[in-house]
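Asks:
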Amino acid sequence: MRKWLTLRLLIVGGILGILVPLTSGIGSLGMMAQSSGELVIFSGRREPLLTPVLQLFQQQTGVQLTVKFGSTTALAQEILQLQETGRPVPDVFIANDAGTLEFLQRTRGAFQTYTSPQIATMPERFRSSDGSWIGVSGRSRVIIYNKDLVNPEELPTTAFDLIDSKWRGKIAVSNASDTDGFVPWVSALRLTLGDELTKAFLLKLKENQIVILAEQTDIRKAVGRGEFALGLINNYYVYLQRQEPDPAVRNVGILYHDQRPFQLGTLVNSTGAAIVKGAKNLQNAQRFLDLLVSELAQKLFAELNYEYPLLPGVPIQSDVREELPSGELEGLKQLPVSPADLGKELEATQQLLEEVGWF
Ligand SMILES: [Fe+2]
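In terms of full-length UniProt numbering, the sequence shown opens at residue 1 and continues consecutively.
1) Return helix, strand or coil for K166, following the three-state DSSP convention.
2) Quick one: Cα of K147 to Cα of I134, how far?
3) If you reduce the DSSP assignment to three classes, tell me which class T66 lands in.
4) Count the other C-beta atoms from every protein chain shown that fall within 10 angstroms of the C-beta of A229, then say buried if there are 16 or more, exposed otherwise.
5) Beta-carbon of G231 versus every beta-carbon of chain B: anything under 7 Å?
6) Are there any heavy atoms of ligand 1 lying less than 6 Å away from the beta-carbon of D180, as far as the coordinates show?
7) I need the DSSP call for S270, collapsed to helix, strand or coil.
8) Would G253 be called buried (16 or more neighbouring beta carbons within 10 Å of its own) or exposed?
9) Do T73 and S187 come within 7 Å of each other at the CB atom, strictly closer than that value?
10) Kindly indicate the opening and closing residues of the alpha helix (DSSP H) around I79.
11) For the region 146-162 against the region 215-232, do three or more pairs of beta-carbon atoms, one drawn from each stretch, fall closer than 8 Å, so that the two count as touching?
12) Could you say which of K166, G343, W358, E355 lies nearest to A95 if we only look at CA atoms?
13) Taking 7 Å as the limit between beta carbons, can you name the residues of its chain near G131, skipping five residues before and five after?
14) Run through the DSSP bridge pairs and tell me what P309 is partnered with.
15) Kindly indicate which residue of V238, S129, S137, Y239 has the alpha-carbon position closest to the one of L292.
16) With DSSP run on the structure shown, which of helix, strand or coil describes N284?
17) Are F103 and L346 touching if we call contact CB-CB under 7 Å?
18) Report, in whole angstroms, the separation of the C-beta atoms of residue 363 and I233, which I expect to be a contact under 8 Å.
19) Looking only at C-alpha atoms, which of I171, A273, E303, D319 sits nearest to D91?
20) Go ahead and label K166 buried or exposed: buried means 16 or more other beta carbons lie within 10 angstroms of its beta carbon, across all protein chains shown.
21) When the Cα atoms are used, what is the spatial distance from Q83 to A110?
22) Can you list, in chain order, the residues of its chain whose CB lies under 8 Å from that of L332, leaving out five sequence neighbours each side?
23) Quick check: the Cα distance between G44 and T157, rounded to an integer number of angstroms?
24) Per DSSP, what are the beta-bridge partners of V53 in this structure?
25) Give the single residue among Q64, R87, F93 whose Cα lies nearest to the Cα of F42.
26) Of all the beta strand (DSSP E) runs that stay within the bounds of the region 205-232, which reach a length of 3 or more residues?
27) According to DSSP, simplified to helix, strand and coil, what is S28?
28) Taking only the alpha-carbon atoms, compute the straight-line gap between A340 and V89 and give it to the nearest angstrom.
29) Look at the Cβ atom of A302, then the Cβ atom of P309, and state whether they are nearer than 7 Å.
30) Within 8 Å, do at least three Cβ pairs link the region 204-219 to the region 159-176?
31) At the level of alpha carbons, what is the spacing between V356 and K199?
32) Between A285 and the rest of its own chain, which residues show a CB-CB distance below 7 Å, the 5 nearest in sequence each way excluded?
33) By the three-class DSSP mapping on this structure, what secondary structure does Q112 have?
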């Protein structure tokens, strides 16, 4: 069962060097959303990732927050149902995939537009052209590998080498519900290679006995335990695995695939946030979006979750930067697609994954 979290006190965590206590409790959307000075958020991003930014917002504004955490897909469906039935909606929706926001706007007009001088500082690629969503943090697709099982010189340089029989049964990947990582990558492949080649590639991976796990967290843990040599994953999971309490499972490496001449490049995607159409606390929602793209919040996402800040000038976390080819996001060879492109393709990609039996 999902939980409602009401943050009551004003706090900022250790990373900002200010210490204030936090308490949490259970609230209800109907009651919390009525009065002024409040903000209701649905978040497809997990609580530990978001809490420091929520605390920062409370400290800056004194606004009382009510937050519901869950999967991006389930929360998106709930918002659509609330809108259709005229019930109170959350003010802000945070998704682990900006493409999902683009999809909801294109198909259902679920959001209302907002632009501000702060939001205009973000690169155009990472915000909606109609102002209906903003990118919050960036991530790329990589291969995680177990250093006890694979030497760096044995590693494939392109994801397309994973159909080689030498990797049979040794690769983990996530399923067709993973809008955080795998699904957008397949959309990017479809846009670059076309449906037929993408489908053929996925079928070859299946023939090579690739193992499909539920979530990327399962992949990083299974590779860390040595159950698989390789996993297809978002970059920050590698760093999260290296933080595991048991040193025996931390020996994982990161490979940015498809970076050589004549290779396709990897996908850089973003998380996102949008103001829900029908939001009661509009002004607070706008302030919150402005905070998400501020230097302070961008630093928090970069430092706490090893993601790429999207705001120009905010540094990438030092360990991430060290392993990133050329040390800058711009230096990464990337598939030529944007989060908006991915949103347009979401439905067709899920259909293709169903056709190939990607469960
Ligand atoms: Fe993730």
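Ideal Cβ positions, reconstructed from N, Cα and C, are used throughout, including at glycine.
Replies: So, from the listed chains and residues:
1) Numbered from its first residue, the sequence shown carries residue 166 at position 166. Assignment of K166 by DSSP, reduced to helix, strand and coil, places it in the helix class.
2) Numbered from its first residue, the sequence shown carries residue 147 at position 147. Numbered from its first residue, the sequence shown carries residue 134 at position 134. C-alpha separation (whole angstroms): 37 Å.
3) In the sequence shown, residue 66 corresponds to position 66, counting from 1. Strand.
4) Numbered from 1 along the sequence shown, position 229 holds the residue referred to as residue 229. Within 10 angstroms of the beta-carbon of A229 lie 16 or more other beta-carbons, which makes it buried.
5) Absent here is chain B; the protein component of the structure consists of one chain.
6) Within the sequence shown, residue 180 is the residue found at index 180, counting from 1. Checking every heavy atom of ligand 1 against the Cβ of D180, one is found closer than 6 Å.
7) Here the question's residue 270 lines up with position 270 in the sequence shown. Here S270 sits in strand by DSSP.
8) Locating residue 253 in the sequence shown gives position 253, where the first residue counts as 1. Flag for G253 reads buried.
9) In the sequence shown, residue 187 corresponds to position 187, counting from 1. In the sequence shown, residue 73 corresponds to position 73, counting from 1. No. Outside cutoff.
10) For the purposes of this step, residue 79 is taken as residue 79 along the sequence shown, with counting starting at 1. I79 -> alpha helix (DSSP H) spans 72-85.
11) yes
12) As a first step, residue 95 must be located in the sequence shown, where it is residue number 95. Nearest C-alpha to A95: G343.
13) Mapped onto the sequence shown, residue 131 falls at position 131. If we look at G131 and ignore the five residues flanking it on each side, its Cβ neighbours are T113, Y114, T115.
14) Within the sequence shown, the letter at position 309 stands for residue 309. BP columns for P309 point to S137.
15) Here residue 292 is taken as the residue at index 292 of the sequence shown, counted from 1. Considering only alpha carbons, the answer is S137.
16) Taking the first residue of the sequence shown as position 1, residue 284 is located at position 284. Of the three classes helix, strand and coil, the one that applies to N284 here is helix, per DSSP.
17) Start at 1 with the first residue of the sequence shown, and residue 103 comes out as number 103. Start at 1 with the first residue of the sequence shown, and residue 346 comes out as number 346. The answer is yes: Cβ separation under 7 Å.
18) Residue 363 lies beyond the range of the chain shown here (1 to 359); nothing can be said about it.
19) Along the sequence shown, read from residue 1 onward, the residue named residue 91 stands at position 91. When only C-alpha atoms are compared, the closest one is A273.
20) Numbered from 1 along the sequence shown, position 166 holds the residue referred to as residue 166. So K166 counts as exposed.
21) Reading the sequence shown from its first residue, position 83 is the one you call residue 83. Reading the sequence shown from its first residue, position 110 is the one you call residue 110. Cα to Cα, Q83 sits roughly 8 Å from A110.
22) Position 332 of the sequence shown holds residue 332. Taken in chain order, the residues that qualify are S140, Y256, Q259, G265, T266, V268, L324, P325, S326.
23) Indexing the sequence shown from 1 puts residue 44 at position 44. Indexing the sequence shown from 1 puts residue 157 at position 157. Their Cα atoms are separated by approximately 32 Å.
24) For the purposes of this step, residue 53 is identified with residue 53 of the sequence shown, where counting begins at 1. Partner(s): none; V53 has no beta bridge.
25) Locating residue 42 in the sequence shown gives position 42, counting from the first residue. For the residues Q64, R87, F93, the minimum Cα distance to F42 belongs to F93.
26) 211-213
27) As a position in the sequence shown, residue 28 is number 28, starting the count at 1. At S28, the pLDDT of 35 sits below 50, so the modelled position is not reliable and the matter cannot be decided from this model.
28) Residue mapping note: residue 340 aligns to position 340 of the sequence shown, counting from 1. Residue mapping note: residue 89 aligns to position 89 of the sequence shown, counting from 1. Each residue's CA atom was taken as its position, placing A340 and V89 some 24 Å apart.
29) Taking the sequence shown and counting its residues from 1, one reaches residue 302 at position 302. Taking the sequence shown and counting its residues from 1, one reaches residue 309 at position 309. Going by C-beta atoms, A302 is nearer than 7 Å to P309.
30) Yes: the two stretches touch, three or more of their Cβ pairs being nearer than 8 Å.
31) If you number the sequence shown from 1, residue 356 lands on position 356. If you number the sequence shown from 1, residue 199 lands on position 199. Approximately 7 Å, taken between the alpha carbons.
32) Looking up residue 285 in the sequence shown gives position 285. Around A285: L39, D91, V92, I275, A279.
33) Indexing the sequence shown from 1 puts residue 112 at position 112. Of the three classes helix, strand and coil, the one that applies to Q112 here is strand, per DSSP.
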